[in-house]
Amino acid sequence: MNDLQFQLDMAQSVIQHLDSQEKMYQLVCSTSRNAFIYVDFIKKSLSVLGNWSSFFDFSLYNEGEFVKIIEKVEDCYKNDLQKLLFYEKTRKENYSLECKLDGQDRWFEFESTIIYQDGSPIEKVIRIRDISKLKRQNEELKYMAYYDTLTGLYNRNYFVRVLSEWIHSAESDNESIAVMCLDFDDFKKINDGLGLVAGDELAQLFGLFLKELLDDRMIASHVNDDTFYLAIKNPIGNHSVDYVFDKILNRLKMPFRLFGGHDIYITLCAGVAEYPETATNCLELINCAEVVMFRAKEMGTNQLKYFEAPIYKDFLDNVNLENRLKEAISMNRFVLYYQPQYDSKSGDLRGVEALIRWKDENGKLISPGCFIPLAEKSGLILPIGKWVLEEGIKKYAEWRKKFNCNMVLSLNISALQYKSANFVNDLFDLLEKYQVNPKDIELEITESVLIDDFAQVVEKLHVIKDYGIKISLDDFGTGFSSLSYLKGLPIDTLKIDKSFIDTVIDDESTRVITETIVSMVKKLGYETVAEGVETKEQYEYLKQIECDNIQGFLLGRPMPEEELVLLMEQKG
Ligand code: C2E
Ligand code: CA
Ligand code: CA
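In my numbering, the protein residues as written are 1269 to 1840.
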């Protein structure tokens, strides 16, 4: 009896346990967002569970009705779905498939799991999941990964990918491809003048225009701010580079209207590299197009230039030099030389001009003419110029203390430095730090500083001059050479370029010009310095026409600090 009672109790507790498990499964299924199809092969039964009604508006009673599901998906998925639903025959345990519903923006994922016993299927569960949201997110991610969101054109990475594929097939099909790099002229001016948003808008409008030009033989990419790539497959006929560039120039004859109502005209330059003539590698092609685009810019606005081999060699040399220059900056491999300037009448030392030298790994001195242009182009002039400023002012403070010398230190400042926001403050801070009187410092600027942004630079010059620092206009005679604009400039000194001095003795008209400059500059109240004076005759002549100061090999070459110190000791 006891035994029977025990067995009864056991059975009851098992039923209770099963009951609660069944409830739990039902709860899990009914609250799931997925739908399930359960097939019991032994009992030959089929049931649908879970959130079935949010997927399909019909029910299923046997496997024959799977066709109702298959009918719902797009044609291209029908075959695979058929296989999945009747999967047990292929004897794989797990199988999943993503299908798009026919005529709808809905995606379902089907996953089938089959339980086998002794090699035969006994049960099967098919889970159906709505993955539309996931798909959309993926699409967005893919879009962001492949496209430029501003213009809808390819981004650089995707452009490179597609271009690589083009090149790959061009190889076997014997086709040619042209890659163009387009870049607005003076984009900085637009950004500076109208703001970055306007710059973006302009790039967007131009990008949209480019997009309209595209067809199956052209792809385009917005690479950054104002730079675009265009690749043309088989660039002939109405797909030739010249034809496409003409189309672009035609559009540029009309302005782009910005959101705020501004009408903006732009010009641009393009560099072209061709497959297979220029390069057979995708990145090299792009590189070459970019390099030659910068060359086009040197020719003016709205210019198109095709790649030529020597340009690339030049570029590679430059890249190499740029890397070496970067290393020189980090290793502090620069020295300043100083060239004296003398008062033409008294012969007193008026001051020295600091001239940079790069001491290379072997201790060889490299002259600034070899690296300053590249430093200016690459922006490396900023760290270099900063170093020159501090080194010069620091050394000047030492000499002043030691020799109590009364002279001016002239420092060459490049246009980019003037434009950098911190330049003026950094300069004032240095004078403060080394306790140097501003009137002992002279900054040499060239006319190129004034070209880009006359008003803004002049304003900065006023601030500098008001602080007591002298300003000298360098290389006068090589730029605009216009005396009329000198009047409004806050300068103290004018340096007459060596090219005048070179011919002043032999050439009558140079003499007339030089005399006019000197007397005119005197009237304006500026000091004059003649540079590159190499002969006694030149010196005597300049003294006679009352040019105030003389600088040149005749009186002293640029010298290292130790030599200058000796010179000051002798004078002192
Ligand atoms: P610059 O400012 O016109 O400097 C005068 C150049 O003429 C110097 O060349 C000097 O050595 C040279 N020179 C002076 N007197 C004579 C002469 O009688 N005969 C001849 N044949 N040459 C003479 P350097 O030192 O090679 O400098 C070349 C240019 O590099 C400078 O021209 C200046 O534009 C630039 N530079 C030099 N140092 C700096 C610097 O620290 N910063 C910047 N931004 N540019 C610098
Ligand atoms: Ca100079
Ligand atoms: Ca000069």
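Quick reminder that beta carbons are idealized off the backbone N, C-alpha and C, glycines included.
By the criterion of a C-beta distance shorter than 8 Å, residue 1420 is surrounded in its chain by 1475, 1476 and 1479, once the five residues flanking it on both sides are discounted. Residue environment for residue 1618: buried (at least 16 other C-beta atoms within 10 angstroms of its C-beta). The beta carbon of residue 1301 sits closer than 6 Å to the beta carbons of 1319 from its chain, once the five residues preceding and following it are set aside; these are given in chain order. For residue 1742, the Cβ falls inside the 7 Å cut-off from some heavy atom of ligand 3. Taking the C-beta atoms as reference points, residue 1377 is found nearer than 8 Å to residue 1366. Scanning its chain for C-beta atoms nearer than 6 Å, with the 5 sequence neighbours on each side dropped, one finds around residue 1746 the residues 1765, in chain order. Residue environment for residue 1641: exposed (fewer than 16 other C-beta atoms within 10 angstroms of its C-beta). Between residue 1511 and residue 1484, the alpha-carbon positions lie close to 17 Å from each other. Residue range 1636-1646 is occupied by the alpha helix (DSSP H) that includes residue 1642, with no beta strand (DSSP E) assigned at that position. By the C-beta criterion, the region 1594-1612 is judged not to be in contact with the region 1572-1582, since fewer than 3 inter-stretch pairs fall below 8 Å.
Residue 1462 is a Cβ neighbour of residue 1530, given a cutoff of 8 Å. Contact between the region 1537-1552 and the region 1446-1463 is present: 3 or more CB-CB pairs across the two stretches fall below 8 Å. The beta carbon of residue 1558 sits closer than 7 Å to those of 1449 and 1539, all from its chain and outside the five residues before and after it, given in chain order. Taken through DSSP and simplified to helix, strand or coil, residue 1675 comes out as coil.
In the DSSP assignment, residue 1530 falls outside any beta strand (DSSP E) and carries neither an H nor an E. Pairing residue 1426 with residue 1492, the inter-Cα distance amounts to about 14 Å. Under the rule that a run must span 4 or more residues, the alpha helix (DSSP H) segments found entirely inside the region 1740-1772 read 1766-1771. Taking 8 Å as the cut-off, the beta carbon of residue 1488 is found no closer than this to the beta carbon of residue 1431.
By the 16-neighbour rule on beta-carbons within 10 angstroms, residue 1286 is exposed. Of the candidates 1770, 1549, 1643 and 1465, the residue whose Cα lies closest to the Cα of residue 1626 is 1643.
Proximity to residue 1458 across 1534, 1753 and 1731 peaks at 1534, based on C-alpha coordinates.
In this structure, the straight-line span from the alpha carbon of residue 1271 to that of residue 1326 is close to 51 Å. By the beta-carbon neighbour count (other beta carbons within 10 angstroms, threshold 16), residue 1352 is buried. Residue 1645 and residue 1548 have their C-alpha atoms roughly 28 Å apart. Counting C-beta pairs closer than 8 Å gives fewer than three between the region 1397-1412 and the region 1308-1317, which falls short of the contact rule. Judged by their CB atoms, residue 1779 and residue 1789 are not nearer to each other than the 8 Å cut-off. The three-state secondary structure of residue 1415, taken from DSSP, is strand. Residue 1494 counts as buried, since at least 16 other C-beta atoms from the protein chains shown sit within 10 angstroms of its C-beta. When the beta-carbon positions are compared, residue 1710 and residue 1784 stay at least 8 Å from each other. Here residue 1513 has 1538 and 1572 as same chain residues with Cβ atoms under 7 Å from its own Cβ, once five neighbours each way along the sequence are excluded. With contacts defined by Cβ atoms closer than 8 Å, residue 1305 and residue 1394 form a contacting pair. Of the residues assessed, residue 1290 falls on the exposed side of the cut-off, its CB having fewer than 16 other CB atoms within 10 angstroms. Taking each of 1816, 1821 and 1812 in turn and checking the Cα distance to residue 1802, the smallest one comes out for 1821. In the DSSP assignment, residue 1501 is bridged to 1445.
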